[in-house]
Structure formats: C-alpha cells, structure tokens
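Remarks on the structure that follows.
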Amino acid sequence: MNKLIDEIWQYSHYYGDMLFTSLRLHDNEEDYAAILVLFNAMELICKSVRENYNQNFLQDLSDLKNNNILSEEDYDFLASKESGIRGIRNIMTHRNAYQYCLEGTDGKALPFAEPGTWTIVFESYAPRIIQILYEILNNSHWKNER
Numbered sequence: 015m016n017k018l019i020d021e022i023w024q025y026s027h028y029y030g031d032m033l034f035t036s037l038r039l040h041d042n043e044e045d046y047a048a049i050l051v052l053f054n055a056m057e058l059i060c061k062s063v064r065e066n067y068n069q070n071f072l073q074d075l076s077d078l079k080n081n082n083i084l085s086e087e088d089y090d091f092l093a094s095k096e097s098g099i100r101g102i103r104n105i106m107t108h109r110n111a112y113q114y115c116l117e118g119t120d121g122k123a124l125p126f127a128e129p130g131t132w133t134i135v136f137e138s139y140a141p142r143i144i145q146i147l148y149e150i151l152n153n154s155h156w157k158n159e160r
C-alpha cells in the first residue's frame, strides 16, 4: 500500500499524508478514526480529479465512471448503498450507528459498537480503496500532466 500512497502523494502531498495518517491510526489500533480519514481522503480525491467540489459523492462517482476513469466494478464497490463503501460511510454518520452491524464473510454479525469490527473493516477495505484511488489518478488527466 505504501508504494501506491507514494504515487498518490505525488499528485497531492495533502491527500497522500491523509492516507499515511490513516495507516498510522490503524497501526495504533484507532481503526474507527483511520476509516474516517480514509473515507474523507477518498471523497476529496474524487472531487479533486473532477475539479468539482459542488456535487455529492455519488454524483462524483457517477461522473468518474461515465468518463471511464472509474471501472463499473469499482463504482459498484464504492457506490452501493447496501454493500459498498457508501453504505458503510452513511451508517458511520448516523447518530445511532452503534445499533447497526455488518455481515462478515462467514455470515456472522459484526456490530459497529465493537472496536474489532472497525479493524476488520479497515483491513478488508483499505487496500482496495487505495488501489482504486491510485487507478482513478492514473486514469485521469493528471497522468498526462506529470
């Protein structure tokens, strides 16, 4: 992941530092905070590539997909309200987030109230999110400006 973040850092030191901060928080077992920083960086990078900060995250993802910057599979992973990052992010903003659970790959409920759930979420999703962010930058006009 560090090599990909180094590449993202070349695009924006600020966004790269956010991603490194997310990893550092995870290393310090602050996974809820790590996920918040990771999701924030993800949204900001999507807006930055589009050079449009006035639309919501779903509109950003749709535009990236329609411009062949984001694949259909990655779009579904990020945008799905039921099983994607968007669904997790929306629950995290809910005032009663601790009443919710994720379903693990083994079918077991992973309650948001348990710190271990956030570790599982981070370790399951962060590598793919960082890969997707790298690919978004690589597929955008930025690669031609370097």
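For the sequence shown, this note's numbering gives the first residue as 15, with consecutive numbering after it.
The beta carbon of each residue, even a glycine, is placed where N, CA and C say it ideally should be.
Under a three-way DSSP split, which group does A55 fall into?
-> The residue you call residue 55 lines up with position 41 of the sequence shown. A55: helix per DSSP, three-state reduction.
Buried or exposed: Y148, going by 16 or more other Cβ atoms within 10 Å of its Cβ?
-> Sequence index remark: in the sequence shown, residue 148 carries index 134 (1-based). Buried is the call here.
Residues of its chain near S154, where Cβ-Cβ distance is below 8 Å and the 5 sequence neighbours each way are ignored = Residue mapping note: residue 154 aligns to position 140 of the sequence shown, counting from 1. Sequence-distant Cβ neighbours of S154 in its own chain, meaning closer than 8 Å and more than five residues away, are V63, I83.
So, L58 versus L75, is the Cβ gap smaller than 8 Å?
-> In the sequence shown, residue 58 corresponds to position 44, counting from 1. In the sequence shown, residue 75 corresponds to position 61, counting from 1. No. Outside cutoff.
Taking Cβ to Cβ, would you say L72 is nearer than 8 Å to R100?
-> Here residue 72 corresponds to residue number 58 of the sequence shown, with the count starting at 1. Here residue 100 corresponds to residue number 86 of the sequence shown, with the count starting at 1. Closer than 8 Å, so yes.
Under the three-state DSSP convention, the category A84 falls into | Taking the first residue of the sequence shown as position 1, residue 84 is located at position 70. Here residue 84 turns out to be Leu, not Ala, going by the sequence shown. L84 carries a coil assignment under DSSP once its states are collapsed to helix, strand and coil.
State yes or no: is the C-beta of E96 nearer than 7 Å to some heavy atom of the ligand ATP?
-> With respect to small molecules bound, the structure shown includes none, and the ligand ATP cannot be examined in it.
Buried or exposed for R160, please, with buried defined as at least 16 other CB atoms from any protein chain shown within 10 angstroms of its CB.
-> As a first step, residue 160 must be located in the sequence shown, where it is residue number 146. Interpretation of R160 is limited by its pLDDT of 48, a score under 50 that renders its predicted location unreliable; the figure taken from the coordinates is listed afterwards. Looking at its Cβ environment, which holds fewer than 16 other Cβ atoms inside 10 Å, R160 is exposed.
Give me whichever residues DSSP pairs with P125 in a beta bridge.
-> Indexing the sequence shown from 1 puts residue 125 at position 111. P125 pairs with C115.
Whole angstroms is fine: what's the gap from R165's alpha carbon to A48's?
-> Examination of residue 165 is not possible in this model, given that the chain is present from 15 through 160 alone.
Coil, strand or helix - S62 by DSSP | As a first step, residue 62 must be located in the sequence shown, where it is residue number 48. S62 falls in the helix class under three-state DSSP.
According to DSSP, is R160 helix, strand or coil?
-> Within the sequence shown, residue 160 is the residue found at index 146, counting from 1. Because R160 sits at a pLDDT of 48, beneath the cut-off of 50, its placement in the model cannot be relied upon, and the point is left open.
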